[in-house]
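Structure first, then comments.
In my numbering, the protein residues as written are 27 to 209.
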């Protein structure tokens with residue numbers, strides 16, 4: 027749980043603790059399975075504005091009139107990769123074994139809902155949110171003194187750039203090698 031702006035005083039905080047808030051909540055459960063472990067993980071992130079924006083100014087999370095370059099460290103975004111004003115839900119299931127890991131995930135990301143509500147909601151009503159739904163699989167194998175891995179994900183972005191009906195499919199293929207195994 028974090029804040030993008032401060033309250034005026036304790037009284038203000040007690041009345042509207044959700045003003046300019048953001049949160050991430052995650053949970054995981056590992057269960058033994060043969061010589062390995064099955065690991066279920068879930069996460070919800072909410073960076074979009076709260077209802078307090080109806081009665082008082084509330085900056086979009088990761089944006090501020092004083093911090094004009096955004097929340098970065100040497101050009102790298104600090105925080106959730108979904109970007110300002112967004113939200114996401116994520117679910118993953120992995121099986122770890124002595125030889126590596128294999129798993130899959132599902133994710134839904136709503137891109138910058140704050141911007142959508144400010145700019146497009148009066149025109150598009152409820153049909154123009156920029157939403158991406160992704161599913162993917164990944165595999166890691168321990169090979170000698172390193173790890174070899176790969177992932178394949180397919181995503182469908184609905185109303186890309188807030189244009190109703192501009193639906194795009196994205197396919198991502200990754201491979202990697204990391205020297206030295208972590209124990």
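By construction, the Cβ of each residue, glycine as well, lies at the ideal position given by its N, Cα and C atoms.
Paired residues, beta bridge with residue i - DSSP
i, result
"residue 95", "Residue 95 is not bridged to any residue."
"residue 47", "29"
"residue 130", "119, 163"
"residue 189", "In DSSP, residue 189 forms no bridge with anything."
Closest residue to residue i among the options (Cα-Cα distance)
i, options, result
"residue 158", "133, 95, 78", "133"
"residue 167", "105, 44, 122", "122"
"residue 63", "193, 75, 109, 126", "126"
"residue 177", "164, 186, 184, 187", "164"
"residue 61", "199, 128, 124", "124"
Span of the beta strand (DSSP E) around residue i
i, result
"residue 196", "194–205"
Boundaries of the alpha helix (DSSP H) in which residue i is found, first to last residue
i, result
"residue 145", "139–145"
"residue 41", "36–41"
Supposed close pair residue i, residue j - CB separation, criterion 8 Å
i, j, result
"residue 179", "residue 162", "3 Å"
"residue 181", "residue 160", "4 Å"
Problem - beta strand (DSSP E) runs contained entirely in the region 51–125, provided each spans 3 or more residues - result: DSSP runs (the beta strand (DSSP E)) wholly in the region 51–125: 62–72, 113–123.
Handout entry: Those runs of the beta strand (DSSP E) which lie wholly inside the region 150–184 and span at least 3 residues
Key = Runs of beta strand (DSSP E) with 3 or more residues, each lying fully within the region 150–184, are found at 157–169, 172–184, listed in chain order.
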